[in-house]
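Protein chains in written order, with the numbering used here: chain V, 17 to 131; chain E, 3 to 115. All residues carry an ideal CB built from backbone N, CA and C; glycine is no exception.
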Amino acid sequence: GDSVTQMEGPVTLSEEAFLTINCTYTATGYPSLFWYVQYPGEGLQLLLKATKADDKGSNKGFEATYRKETTSFHLEKGSVQVSDSAVYFCALIPSSGAGSYQLTFGKGTKLSVIP
Amino acid sequence: SQTIHQWPATLVQPVGSPLSLECTVEGTSNPNLYWYRQAAGRGLQLLFYSVGIGQISSEVPQNLSASRPQDRQFILSSKKLLLSDSGFYLCAWSGSGGGQPQHFGDGTRLSIL
Numbered sequence: 017g018d019s020v021t022q023m024e025g026p027v028t029l030s031e032e033a034f035l036t037i038n039c040t041y042t043a044t045g046y047p048s049l050f051w052y053v054q055y056p057g058e059g060l061q062l063l064l065k066a067t068k069a070d071d072k073g074s075n076k077g078f079e080a081t082y083r084k085e086t087t088s089f090h091l092e093k094g095s096v097q098v099s100d101s102a103v104y105f106c107a108l109i110p111s112s113g114a115g116s117y118q119l120t121f122g123k124g125t126k127l128s129v130i131p
Numbered sequence: 003s004q005t006i007h008q009w010p011a012t013l014v015q016p017v018g019s020p021l022s023l024e025c026t027v028e029g030t031s032n033p034n035l036y037w038y039r040q041a042a043g044r045g046l047q048l049l050f051y052s053v054g055i056g057q058i059s060s061e062v063p064q065n066l067s068a069s070r071p072q073d074r075q076f077i078l079s080s081k082k083l084l085l086s087d088s089g090f091y092l093c094a095w096s097g098s099g100g101g102q103p104q105h106f107g108d109g110t111r112l113s114i115l
C-alpha cells in the first residue's frame, strides 16, 4: 500500500537557519502531495500542496517540489523563525480510486527554533 | 470562506461512559467529512469518512461509530468508552470527489479515566 517516510525528529535550529525536512513516498500512479503543520494543542493546517510532477508548492516562505523521479517532496525554508516551531507532517492522497479519500501521513517531524 | 467547528475542545470521561463528539462545516455544500484519531507520539489514523448524508465508511474496526445526520454535520459516538479510546480526535472536510486536500478542525482532546 501507499506509505510516507519523513525524517525523524526532533529538529532543533537557531533562528534564521535553513530548514530541510525530507519526505519520500511510495504510491502507485500520481498522488497529490501535501505538507501539514500542527502547532501545540491545535489541529493540522494545510501548509502547501502539489498535484503533479515538478509542481512547486509554496506558502509562508516554505517550499516543496514534487519530484517523481526520486519520489520525494522535501520541505524547505530559507530562514526559520521561532514561530515556525511545530510538528510538520508530509502526506499523500491518490488522485482517484477507492483510496482517494484517505490521506496517508508520515509520522511527523517536530521542529524547535531557538532565538 | 469555509470554516470547520469541532467541540468540545477537551473532554474527560470515565471508562464505560458514552461519547458524542460533534463537527460542523460552514461555507460549503456536499463536503466529504472525516474523523481521525491521533494517539500521543503517533501519526494520524483515519477512523471514518462520509461522502454524503447517511453514508459512512469505516476504516478501522473499533467500538466507535459515526453518523452524518445533515449535509455539514458529522458525529463521532461510542456507547461504552475504553481506556484505549484516549487520544486527540480531529474532524476534517474536503471538497466532493476523491484526491482532495483535507482541512482540519482544532480537535478534541479525550482523556479516559
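Own chain partners of residue i with C-beta closer than 7 Å, once the 5 adjacent residues on each side are dropped
{"i": "residue 103 of chain E", "result": "96"}
{"i": "residue 45 of chain V", "result": "110, 111"}
{"i": "residue 129 of chain V", "result": "29, 31, 96, 97, 98, 100, 101"}
{"i": "residue 75 of chain V", "result": "63, 64"}
Straight-line gap, residue i to residue j (C-alpha atoms, nearest Å)
{"i": "residue 105 of chain E", "j": "residue 106 of chain V", "result": "14 Å"}
{"i": "residue 101 of chain V", "j": "residue 32 of chain E", "result": "35 Å"}
{"i": "residue 49 of chain V", "j": "residue 16 of chain E", "result": "39 Å"}
{"i": "residue 68 of chain E", "j": "residue 92 of chain V", "result": "38 Å"}
{"i": "residue 10 of chain E", "j": "residue 26 of chain E", "result": "12 Å"}
{"i": "residue 107 of chain E", "j": "residue 30 of chain V", "result": "30 Å"}
CB contact below 9 Å: residue i versus chain A
{"i": "residue 34 of chain E", "result": "Absent from the structure: chain A. Protein chains present are V and E."}
Chain V contact residues for residue i, given Cβ-Cβ distances below 7 Å
{"i": "residue 104 of chain E", "result": "119"}
Neighbour list for residue i in chain V, Cβ cutoff strictly below 8 Å
{"i": "residue 48 of chain E", "result": "118, 119"}
{"i": "residue 92 of chain E", "result": "59, 60"}
{"i": "residue 107 of chain E", "result": "59"}
{"i": "residue 61 of chain E", "result": "118"}
Other residues of its chain near residue i: CB distance less than 8 Å, five sequence neighbours each side excluded
{"i": "residue 88 of chain V", "result": "38, 39, 40, 41"}
{"i": "residue 53 of chain V", "result": "60, 61, 63, 102, 103, 104, 105"}
Residues that residue i contacts on chain E, provided the C-beta gap is smaller than 9 Å
{"i": "residue 50 of chain V", "result": "103, 104"}
Under 9 Å between C-beta atoms of residue i and residue j
{"i": "residue 3 of chain E", "j": "residue 29 of chain E", "result": "yes"}
{"i": "residue 66 of chain V", "j": "residue 43 of chain V", "result": "no"}
{"i": "residue 8 of chain E", "j": "residue 21 of chain E", "result": "no"}
{"i": "residue 127 of chain V", "j": "residue 119 of chain V", "result": "no"}
{"i": "residue 41 of chain E", "j": "residue 90 of chain E", "result": "yes"}
{"i": "residue 119 of chain E", "j": "residue 114 of chain E", "result": "Outside the shown range of chain E, which is 3 to 115, sits residue 119 of chain E, and nothing can be said about it."}
{"i": "residue 101 of chain E", "j": "residue 116 of chain V", "result": "yes"}
{"i": "residue 22 of chain V", "j": "residue 122 of chain V", "result": "yes"}
{"i": "residue 54 of chain E", "j": "residue 71 of chain E", "result": "no"}
{"i": "residue 99 of chain E", "j": "residue 34 of chain E", "result": "yes"}
{"i": "residue 17 of chain V", "j": "residue 51 of chain V", "result": "no"}
Exposure of residue i, with buried meaning 16 or more beta-carbon neighbours within 10 Å
{"i": "residue 55 of chain V", "result": "exposed"}
{"i": "residue 84 of chain E", "result": "exposed"}
{"i": "residue 70 of chain V", "result": "exposed"}
{"i": "residue 94 of chain E", "result": "buried"}
{"i": "residue 47 of chain V", "result": "buried"}
Proximity test, residue i beta-carbon vs the ligand SAM heavy atom, cut-off 8 Å
{"i": "residue 70 of chain V", "result": "As presented, the structure is devoid of all ligands, the ligand SAM included, so that no description of it is given."}
8 Å Cβ cut-off: residues of chain E touching residue i
{"i": "residue 111 of chain V", "result": "100, 101"}
{"i": "residue 93 of chain V", "result": "Correct list: empty, because the minimum Cβ distance to chain E is about 20 Å."}
{"i": "residue 65 of chain V", "result": "103"}
Beta-carbon contacts of residue i that lie in its chain and below 6 Å, excluding the five residues immediately before and after
{"i": "residue 51 of chain E", "result": "36, 59"}
Interface residues of chain E facing residue i [CB-CB closer than 7 Å]
{"i": "residue 126 of chain V", "result": "Those do not exist, as residue 126 of chain V stays about 10 Å from chain E at its closest Cβ, beyond 7 Å."}
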